[in-house]
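Participant: One structure is given below, represented as structure tokens, and several questions about it will come after.
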Amino acid sequence: MAASRTLAARARVIVIDGGLVPLDSDVSALGKSWIWRVGPPGADVSDLQMAEVQTAAGPAALLPLAPVRPKARRTALGLAISWIRQTRYGGDSWDVADVPLAEASERYSVTLHSGAVQKRMLSSNAPEALYAIADELTDFGVAQTVLDITVAQISEAAGPGAAVRQLIPIL
């Protein structure tokens, strides 16, 4: 375990305790410039050891995580594509069947590719989408055995989150 290893005398360490808090997680803070003074614990903000950093809050901490385990199965209506969403908030419990939705509403974009060419984009309000047979034949000319897809959850506040792109076999 890394925490139990012995370090050299005077080695620098970062102590993560109750003093570690997010700088800001409110949507109203996005794009606003902030000045932070950082330095040794217990030092006064006017101390010469303090460094001043000016930065603007970006949306990265608010973006949804990439969905996982995309899969597709052929049905009478077309390809039923599904995935599992992840969450940034409240998703650590083993007692729930599905992690809580950390967004005001659930939205996804699903992009179907043929190599570098984007063939079709679907949208969904649930962790599933239907790729109709007629659309598959229009896009590819024949029924596919493998799909090259990208799936991303969309945040109302921060936009598209991280995406998963994967080749998935059609079951």
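Numbering (the numbering used here), first residue to last: 1 to 171.
In this text, a Cβ means the ideal position worked out from N, Cα and C, and glycines have one as well.
Using 8 angstroms as the cut-off, can you tell me whether the stretch 127-143 makes contact with the stretch 48-59, which would need three or more C-beta pairs spanning the two stretches below that distance?
Facilitator: With a cut-off of 8 angstroms, the stretch 48-59 and the stretch 127-143 do not count as touching, because too few Cβ pairs lie within range.
Participant: So, does the stretch 5-13 touch the stretch 35-55, judging by three or more C-beta pairs under 8 angstroms?
Facilitator: With a cut-off of 8 angstroms, the stretch 35-55 and the stretch 5-13 do not count as touching, because too few Cβ pairs lie within range.
Participant: Would you check if the stretch 87-99 and the stretch 111-122 touch, i.e. whether three or more CB-CB distances between them fall below 8 angstroms?
Facilitator: At 8 angstroms Cβ cutoff, the stretches do not touch.
Participant: So, Ile149 versus Ile170, is the Cβ gap smaller than 8 angstroms?
Facilitator: It is not a contact, given that the beta carbons lie outside the stated cut-off.
Participant: Straight-line CA distance for Ala73 to His113?
Facilitator: Looking at the sequence shown, residue 73 is not Ala but Arg. Approximately 17 angstroms between the Cα atoms of the pair.
Participant: Whole-angstrom Cβ separation of Gln153 and Tyr108, contact assumed at under 8 angstroms?
Facilitator: Indeed they touch by this definition, with Cβ atoms about 5 angstroms apart.
Participant: Between Arg85 and Pro70, how many whole angstroms is the CB-CB distance? I'm expecting something under 8 angstroms.
Facilitator: Contact doesn't hold; Cβ gap of about 11 angstroms is too wide.
Participant: Would Val110 be called buried (16 or more neighbouring beta carbons within 10 Å of its own) or exposed?
Facilitator: With 16 or more other Cβ atoms within 10 Å, it is buried.
Participant: Could you give the residue range of the beta strand (DSSP E) that holds Ala134?
Facilitator: Careful: Ala134 lies outside any beta strand (DSSP E), inside the alpha helix (DSSP H) at 133-140.
Participant: List the whole-angstrom C-beta distance separating Ala158 from Leu62, where the pair is believed to meet the contact cut-off of C-beta under 8 angstroms.
Facilitator: Indeed they touch by this definition, with Cβ atoms about 4 angstroms apart.
Participant: Roughly how many angstroms separate the alpha carbons of Ser28 and Pro41, rounded to a whole number?
Facilitator: Straight-line Cα distance between these residues: approximately 29 angstroms.
Participant: Whole-angstrom Cβ separation of Glu106 and Ala126, contact assumed at under 8 angstroms?
Facilitator: The pair is a contact, with the Cβ atoms about 6 angstroms apart (cut-off 8 angstroms).
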